[in-house]
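Asks:
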Amino acid sequence: MKPQFTFLLVFAALAALSFTMGAVDPYYLTVIIFIGINITMATSLNLINGFTGQFSLGHAGFMGVGAYIAAIISTYLTTHGMSSDGVSGILVLAASLLGGGLFAALTGLAVGIPSLRLKGDYLAIVTLGFNEIIRVIIQNVDFKIAGTHYVGGARGFAVPQLSTFLWVYGIALVVVYFVENVIHSTYGRGFLAVRDDEVAAEAMGINSTRFKVKAFVIGAFFAGIGGGLFAHYIQYITPDNFTFLKSIEIVVMVILGGMGSTYGVILAAIILTILPEALREFSDYRMIIYSLLLIILMISRPQGLFGNASIKKFLAKWKTGTATN
Amino acid sequence: MMGLEINDVTMRFGGLTAVGNLQAHIEPHDLIGLIGPNGAGKTTVFNVITGVYSPTVGDVRFQGKSIRGMKPNEITRCGISRTFQNIRLFRGMTVFDNIRVSFAPRSKNRLIGSLMRLGGFYKEEKAIAAKIDELLDFFKLGEMRDELATSLPYGDQRRLEIVRALATQPKLLLLDEPAAGMNPTEKHNLMNLIKQIRDEFNIAILLIEHDMSLVMGVCERILVLDYGIKIAEGTPLEIRTDPKVIEAYLGVEE
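The listed protein sequences correspond, in order, to chains A and B.
Mapping the first sequence onto our numbering, position 1 (from 1) lands on 235, and the numbers just tick up by one.
Mapping the second sequence onto our numbering, position 25 (from 1) lands on 200, and the numbers just tick up by one.
Right, dumping it as structure tokens:
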């Protein structure tokens, strides 16, 4: 089946599913929405960390940039005559997400060009530092336009609720579709080549710097959109939503899912969003159990849940397995 | 001047002169050997040609154009391709994909094309796959097409590296110790293969090799380096009897 049809089919299924969401308990709905946002975050980070092999620890920074820019746009639009309901609300959210994504991508370009000369641990430290810079900047920005507070520094920023199930999962679908299509094309093999051996990739005529910056900018763009969706769902954002702990959470999803396996990363995003919620009843021991589970998973599946395998390979193996049985 | 010209190139690392005042040229259909004792600067010459290092002094010209200061990926796109002394295949990829990488920088369908996947995308992917399969069949690697590159036997990995370099459609191919670690049969086959590549693909080849029987058997001209200085250049017969070369390899009798 051509990927376009798969895309439309899944989108139609999501649209049908979105009508049932009104009946879902608000708490569960929140968990479902966070899963969708985390799929977007983890899949986009997987393009940088998993497929291109550049260890970034600053994804929450881009998420924060996207969240705040999107929130500024939507607040401005809704206080200047645009309604947050119906078609107008869709337009407001679309404009905010696009603005947030583009601004995050620009930030990605500005951070990526100088720092992608660094490798491994050094790049991780620089991106971590960038994440903290973003957080501190947000903490100290506060301005008023026509009586309305924007950004709000450490106090936080109230945002209209606009994100819906279909928005969140529609965007997640677009990100997955984008990453999978690009990675499996001849052009996209360039990202994997840079990861596997940069010197050999250069010898093949691949401009490794350009591929790295591209992965970084695209990853930042989708992270910005993910941030925008997040802001317009929880309706109140503070700089503490985007600390390096959030970055590490996303990195863990990528590593646990198997660096460079989109479906593994989606699975990890689902598991790691549900897990802390499911462990709530153990209150004090929650994070201990969570960490222990991570350690056990990493010891038993060091290549990640999926490793390098894809769904296709898995099905092929399963088919031949049942045929010989 | 269509080939490669190395004009008075000196490469220094701090106080160490790895290559000194090297003068050489390679014509379009040449098959040339570059030999010398360990540490003579042979791989440094490759690294200077392919842009890994920019020469301290001197100029490298290819097809009449200076390639000094160009990045390795730009030089590859100019038509100079190489293999590595220690095999550098893409570990996570299949044999097919290892070669496919070389089409990535030339692919017309970039991010948007790969995303939209319209008719032109499939047409181009098909054409690329056909070219790769043709290359694989020529080198008798067709059966291993979908194996992981690193799961291949050692000799096949070396050959795959050559195929991958050829897929960039070079006019000059640099082979860095292609026979290293091969057994005598494999070496013999490789000798024939190198000649065959030169004739079938109509390119120039410069190769570094320690195995003298291979170099003498296949190369038409040989350059000898010792401590970064060219000490001899000539046909295999001339090199074999050159007293300077014998001295460099075996030393002088007191």
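Note that the Cβ used here is the ideal one computed from N, Cα and C, for glycine as well.
With respect to the alpha helix (DSSP H) encompassing residue 219 of chain B, which residues constitute its N-terminal and C-terminal limits?
Replies: Here the alpha helix (DSSP H) through residue 219 of chain B covers 217-224.
Asks: Rounded to the nearest angstrom, what separates residue 341 of chain A and residue 466 of chain A at their Cα positions?
Replies: Their Cα atoms are separated by approximately 21 Å.
Asks: For residue 316 of chain A, collect the residues of the same chain with a Cβ closer than 6 Å to its Cβ; drop the 5 residues on either side in sequence, then sort them by chain order.
Replies: If we look at residue 316 of chain A and ignore the five residues flanking it on each side, its Cβ neighbours are 322, 326.
Asks: Buried or exposed: which applies to residue 480 of chain A, given that a residue is buried once 16 or more other Cβ atoms fall within 10 Å of its Cβ?
Replies: Classification of residue 480 of chain A: buried, given that the 10 Å Cβ count is 16 or more.
Asks: Could you work out which residues of chain A lie near residue 268 of chain B, taking near to mean beta carbons separated by less than 7 Å?
Replies: Per Cβ cutoff of 7 Å: 426, 430.
Asks: For the stretch 274-298 of chain B, which residues have a CB atom closer than 8 Å to at least one CB atom of chain A, in sequence order?
Replies: Per Cβ criterion, the list reads 275, 276, 277, 278, 279, 280, 281, 282, 284, 285, 286, 288, 289, 290, 292, 296.
Asks: Kindly list, in the order they appear in chain A, the residues whose Cβ is closer than 7 Å to that of residue 247 of chain B.
Replies: Residues of chain A passing the Cβ test: 436, 437.
Asks: Taking Cβ-Cβ distances below 7 Å as the criterion, which residues of the stretch 396-413 of chain A are in contact with chain B?
Replies: Those residues of the stretch 396-413 of chain A that come within reach of chain B (Cβ to Cβ, closer than 7 Å) are 412.
Asks: Note down the Cα distance separating residue 207 of chain B from residue 220 of chain B, rounded to an integer number of angstroms.
Replies: About 14 Å.
Asks: According to DSSP, residue 240 of chain B sits in a beta bridge with which residue or residues?
Replies: Paired residues: B/237.
Asks: With a cut-off of 7 Å, does the C-beta of residue 423 of chain A fall near any C-beta of chain B?
Replies: By this cut-off, residue 423 of chain A is an interface position.
Asks: Just confirm the distance between the C-beta atoms of residue 357 of chain A and residue 412 of chain A, as a whole number of angstroms; I'd bet it's less than 8 Å.
Replies: Not quite, the Cβ-Cβ distance comes to about 23 Å (not below 8 Å), so this is no contact.
Asks: Between residue 239 of chain A and chain B, is any beta-carbon pair separated by less than 7 Å?
Replies: No, residue 239 of chain A lies away from the interface with chain B (no Cβ there is under 7 Å from its Cβ).
Asks: Does the beta carbon of residue 558 of chain A come closer than 7 Å to any beta carbon on chain B?
Replies: With a pLDDT of 44 at residue 558 of chain A, under the threshold of 50, the predicted position of this residue should be treated as unreliable, though the coordinate-derived value follows. It does not: the Cβ of residue 558 of chain A has no partner Cβ on chain B nearer than 7 Å.
Asks: What does the alpha-carbon distance come out to for the pair residue 397 of chain B and residue 340 of chain B?
Replies: Rounded to the nearest angstrom, the two C-alpha atoms are 22 Å apart.
Asks: So, helix, strand or coil for residue 300 of chain B, using DSSP?
Replies: Reduced to three states, the DSSP call for residue 300 of chain B is helix.
Asks: So what does DSSP say about residue 262 of chain B, is it helix, strand or coil?
Replies: Three-state DSSP puts residue 262 of chain B in coil, outside helix and strand.
Asks: Residue 558 of chain A: buried (16+ other C-beta within 10 angstroms of its C-beta) or exposed?
Replies: The predicted position of residue 558 of chain A is uncertain, since its pLDDT is 44 and thus under 50; a value taken from the coordinates is nonetheless stated next. Under this definition residue 558 of chain A is an exposed residue.
Asks: State the start and end residues of the unbroken alpha helix (DSSP H) segment that holds residue 422 of chain B.
Replies: Residue 422 of chain B -> alpha helix (DSSP H) spans 418-425.
Asks: Would a check of beta-carbon distances place residue 252 of chain A closer than 7 Å to chain B?
Replies: Answer no: the Cβ-Cβ gap between residue 252 of chain A and chain B never drops below 7 Å.
Asks: Could you check what DSSP says for residue 199 of chain B in three-state terms: helix, strand or coil?
Replies: Residue 199 of chain B: strand per DSSP, three-state reduction.
Asks: Smallest Cα separation from residue 383 of chain A: which of A/502, A/354, A/269, A/308?
Replies: Looking at the Cα atoms, A/308 is the closest of the given residues.
Asks: Rounded to the nearest angstrom, what separates residue 372 of chain B and residue 378 of chain B at their Cα positions?
Replies: Computed Cα separation, rounded: 8 Å.
Asks: Is DSSP giving residue 479 of chain A helix, strand or coil here?
Replies: In the structure shown, residue 479 of chain A sits in a helix (DSSP, three-state: H, G or I).
Asks: So residue 331 of chain A is in the alpha helix (DSSP H); what residue range does that whole segment cover?
Replies: Counting along the chain, the alpha helix (DSSP H) containing residue 331 of chain A begins and ends at 320-349.
Asks: Specify the secondary structure class of residue 343 of chain B as computed by DSSP and reduced to three states.
Replies: Coil.
Asks: Looking only at C-alpha atoms, which of A/236, A/256, A/273 sits nearest to residue 505 of chain A?
Replies: Here the closest residue by C-alpha is A/273.
Asks: Note down, in chain order, every chain A residue with its Cβ under 8 Å from the Cβ of residue 303 of chain B.
Replies: Under the 8 Å cutoff, chain A gives 420.
Asks: Where does residue 384 of chain B land, buried or exposed, given buried means 16+ other C-beta within 10 angstroms?
Replies: With 16 or more Cβ atoms within 10 Å of its Cβ, residue 384 of chain B is classed as buried.
Asks: Taking 7 Å as the CB-CB limit, is residue 219 of chain B close to chain A?
Replies: Not one chain A Cβ lies under 7 Å of residue 219 of chain B.
Asks: I want to verify the contact list: residues of chain A whose CB lies under 9 Å from the CB of residue 256 of chain B, in sequence order.
Replies: Near residue 256 of chain B (Cβ distances below 9 Å), the residues of chain A are 437, 438, 439.
Asks: Taking the alpha carbon of residue 271 of chain B as the reference point, which residue from B/346, B/183, B/324, B/294 has its own alpha carbon closest?
Replies: Ranking B/346, B/183, B/324, B/294 by Cα distance to residue 271 of chain B puts B/324 first.
Asks: What's the gap between the Cα of residue 354 of chain B and the Cα of residue 374 of chain B?
Replies: Approximately 20 Å between the Cα atoms of the pair.
Asks: For the stretch 342-359 of chain A, which residues have a beta carbon sitting closer than 9 Å to at least one beta carbon of chain B?
Replies: Those residues of the stretch 342-359 of chain A that come within reach of chain B (Cβ to Cβ, closer than 9 Å) do not exist; the list is empty.
Asks: Please classify residue 229 of chain B: is it buried, with 16 or more other beta-carbons within 10 angstroms of its beta-carbon, or exposed?
Replies: Residue 229 of chain B should be labelled exposed.
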